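Quick notes on the structure that follows.
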Amino acid sequence: MTIQTTELLALGAGPSNLALAVALEELAPHLAKRCVVAEQHGDVRWHRGTLMPGTLSQVSFLKDLATQRNPRSRFTFLNYLREQNLLDAFINLGTFTPYRQEISDYLQWVARQFDHVQVRYHARAEAITPDYDPAGRVRGWTTRFTDGQTLTSRHLVMGVGRDPNVPAVFRGVRTDRVVHSSAYLHQTRDLLGRPALRIAVVGGAQSAAELYRAALQDWPDADVRMIMRSIGLVAYEGSRFTNELFYASFVDDFYSCEPGTREAILAEMHRTNYGGVAPSLLDELYRLRYQRIITGQGDGDMLTMTDIVDARDSADGVLLTLKDKRTGAVQTLEVDLVLLGTGFSPQLPQLLAPLAQELGLDALDVSRHYRVQFGQFAGAGLYVQGINEATHGIADSLLSVLAARSEEIVMDLLALQDDPALPPARDLIGA
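Using the working numbering, you'd call the opening residue of the sequence shown number -15 and step up by one each time.
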């Protein structure tokens, strides 16, 4: 087993930690030299399981890793386009919303541009434990990886995102027959070209709608059913006025609210992000279904106001028991494949939950600057990104606040470095 030491470890090379790395490179290069970003895969991909051809981002390209903090940064999306000789063509598109594949490629490009921050690939963390000083105070963190490597750090930033939400009714079904949207591309690859599949798409918002489109396109002769509890697919709700709630500056207002007020605001904003579908996709789906009708392929049924009350393996696939919420009628539906557009779990990520328990935290108390508050603190920062909707607003899981949030975390890290009341940083290997 190899043990290494660094000042700052960031788990996950997704947009959150890449934005943090960019901010470190530009604002604190001395700390960037002692920062490791650990990525479990061999490359950087954004929504790697759902990079279906033609899928668009719902967020302006100006909300990249740097522009809103430093428009002159060399890490902007526009500079990426220029470096790839794509700037003229992108301008000619006349759009603010790039394809997701472009954003994914941009993130990989950024990960290759760092002068100081080290990105380690094939580094999957499996356990994190606090490192205590003789007085029982937390002075650092020990992270164990699946390859046997161990890395100790003074500060730790969690940017791994939330775990997929698999409804309880499906948890006993074979995993090769039930596929969450986050794993769509690599878990369905072997089924491409298979004729006459029976497919159920579960969910009624953006990810489910994208799965529905992908299923109709990838298996043109399949029997595809979309099952949802709601009355039907609806568009995202929003306007330029409500979009102001996604400003980085709104985080201050939201954080200062009482918990009950925060809950009310989140409930009001639910359909601006989680409960609806992009209008352009709704139009595309309806046209796609119409084309299937006129060519005799079937319309791709949508079962609305329907609950799935049971799911179990059958000899040939998955047997679903469905209940009509209007009439109470119950029916069964056997399918070969279930695609889950059910979002992500509101619970703490599996990697973080045991650490919170070790620290004696039933729930995370997160500061305005994204640092977890806990007793026996000795200067070891634990930061969480992308899972703070309850305290920092609905934009916390989106690209909208990346640039501003990364600066706030860097400033907090620097304040800890300079705090005379805290122990100095330990000697660093290779620093």
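Yeah, the Cβ is synthetic: ideal placement off N, Cα and C, and Gly gets one too. Please read all numbers here as calculations on a predicted model, not as lab measurements.
Mark Arg310 as exposed unless 16 or more other C-beta atoms lie within 10 angstroms of its C-beta, in which case mark it buried.
Position 326 of the sequence shown, counted from the start, is the residue given in the question as residue 310. By the C-beta density criterion, Arg310 is exposed, having fewer than 16 other C-beta atoms within 10 angstroms.
Where does Met395 land, buried or exposed, given buried means 16+ other C-beta within 10 angstroms?
Residue mapping note: residue 395 aligns to position 411 of the sequence shown, counting from 1. Met395 is exposed by the Cβ-count criterion.
Could you say which of Asp160, Arg173, Ala337 and His376 lies nearest to Gly301 if we only look at CA atoms?
The residue given as residue 301 occupies position 317 in the sequence shown. Among Asp160, Arg173, Ala337 and His376, the Cα nearest to that of Gly301 belongs to Asp160.
Those residues which DSSP pairs with Phe129 across a bridge
For the purposes of this step, residue 129 is taken as residue 145 along the sequence shown, with counting starting at 1. In the DSSP assignment, the residues bridged to Phe129 are Ala109.
In whole angstroms, what is the alpha-carbon distance linking Ser44 and Tyr116?
Start at 1 with the first residue of the sequence shown, and residue 44 comes out as number 60. Start at 1 with the first residue of the sequence shown, and residue 116 comes out as number 132. So the alpha carbons of these two residues sit roughly 44 Å apart.
In angstroms with no decimal places, state the Cα-to-Cα distance between Gln171 and Leu11.
Working through the sequence shown from its first residue, we reach residue 171 at position 187. Working through the sequence shown from its first residue, we reach residue 11 at position 27. Annotation: Gln171 to Leu11 spans about 41 Å, alpha carbon to alpha carbon.
Note down, in chain order, each residue of its chain lying with its Cβ closer than 8 Å to the Cβ of Leu412, except the 5 sequence neighbours on either side.
By 1-based counting over the sequence shown, the position of residue 412 is 428. Confidence is the limiting factor: at Leu412 the pLDDT is only 35, short of 50, which leaves the residue's position unreliable, though a coordinate-based value still follows. So the list reads Thr(-11), Thr(-10), Glu(-9) and Arg18, once near-sequence residues are dropped.
At the level of alpha carbons, what is the spacing between Leu169 and Tyr105?
As a first step, residue 169 is located in the sequence shown; it is residue number 185 there, counting from the start. As a first step, residue 105 is located in the sequence shown; it is residue number 121 there, counting from the start. Approximately 21 Å, taken between the alpha carbons.
By the 10 Å Cβ neighbour count, where 16 or more other Cβ atoms means buried, how is Pro179 classified, buried or exposed?
Numbered from 1 along the sequence shown, position 195 holds the residue referred to as residue 179. Counting Cβ neighbours within 10 Å, Pro179 comes out exposed, since fewer than 16 surround it.
Just the C-alpha distance for Gly38 and Trp93, rounded to the nearest angstrom, thanks.
The count along the sequence shown starts at 1 and reaches residue 38 at position 54. The count along the sequence shown starts at 1 and reaches residue 93 at position 109. So the alpha carbons of these two residues sit roughly 20 Å apart.
Have a look at Pro243 and Ala73 and give me their C-alpha separation to the nearest angstrom.
The residue labelled residue 243 in the question sits at position 259 within the sequence shown. The residue labelled residue 73 in the question sits at position 89 within the sequence shown. Taking the CA atoms as reference points, Pro243 sits about 46 Å from Ala73.
Where does Val322 fall in DSSP's three states?
Within the sequence shown, numbered from 1, the residue matching residue 322 stands at position 338. Note: Val322 maps to strand in three-state DSSP.
Taking Gly(-4) as the reference, give the member of Pro114, Ser88 and Val103 with the closest Cα.
Indexing the sequence shown from 1 puts residue -4 at position 12. Of the listed residues, the one whose Cα sits closest to Gly(-4) is Val103.
Which residues bound the beta strand (DSSP E) around Met210?
If you number the sequence shown from 1, residue 210 lands on position 226. Run containing Met210: Asp207 to Ile211, per the beta strand (DSSP E) assignment.
Can the beta-carbon of Glu228 be found closer than 9 Å to that of Arg255?
The residue given as residue 228 occupies position 244 in the sequence shown. The residue given as residue 255 occupies position 271 in the sequence shown. Cβ distance not < 9 Å, so Glu228 and Arg255 don't count as in contact.
Closest to Ser298 by C-alpha separation, out of Val319, Gln281 and Gly280, would be which residue?
The residue labelled residue 298 in the question sits at position 314 within the sequence shown. Selected option, being the one with the closest Cα: Val319.
To the nearest angstrom, how far is the alpha carbon of Tyr83 from that of Asp349?
One-based indexing of the sequence shown puts residue 83 at position 99. One-based indexing of the sequence shown puts residue 349 at position 365. Rounded to whole angstroms, Tyr83 to Asp349 spans 36 Å at the Cα level.
Buried/exposed call for Thr316, threshold 16 Cβ in 10 Å
Counting from 1 along the sequence shown, the entry for residue 316 is found at position 332. Per the 10 Å Cβ criterion, exposed.
Let's test the definition: count the other Cβ atoms within 10 Å of the Cβ of Pro151 and tell me whether it reaches 16, buried, or not, exposed.
Here residue 151 is taken as the residue at index 167 of the sequence shown, counted from 1. Pro151 counts as exposed, since fewer than 16 other beta carbons sit within 10 angstroms of its beta carbon.
Going by the beta-carbon positions, is the gap between His376 and Phe238 smaller than 9 Å?
Within the sequence shown, the letter at position 392 stands for residue 376. Within the sequence shown, the letter at position 254 stands for residue 238. Yes. Within cutoff.
Tell me Val94's beta-bridge partners as DSSP assigns them.
For the purposes of this step, residue 94 is taken as the residue at position 110 of the sequence shown. Bridge pairing for Val94: absent [DSSP].
Nearest-angstrom beta carbon gap, Ala364 and Arg128 [assumed within contact, 8 Å]:
Within the sequence shown, the letter at position 144 stands for residue 128. Within the sequence shown, the letter at position 380 stands for residue 364. At roughly 17 Å, the Cβ-Cβ gap does not stay under 8 Å, so Arg128 and Ala364 are not in contact.
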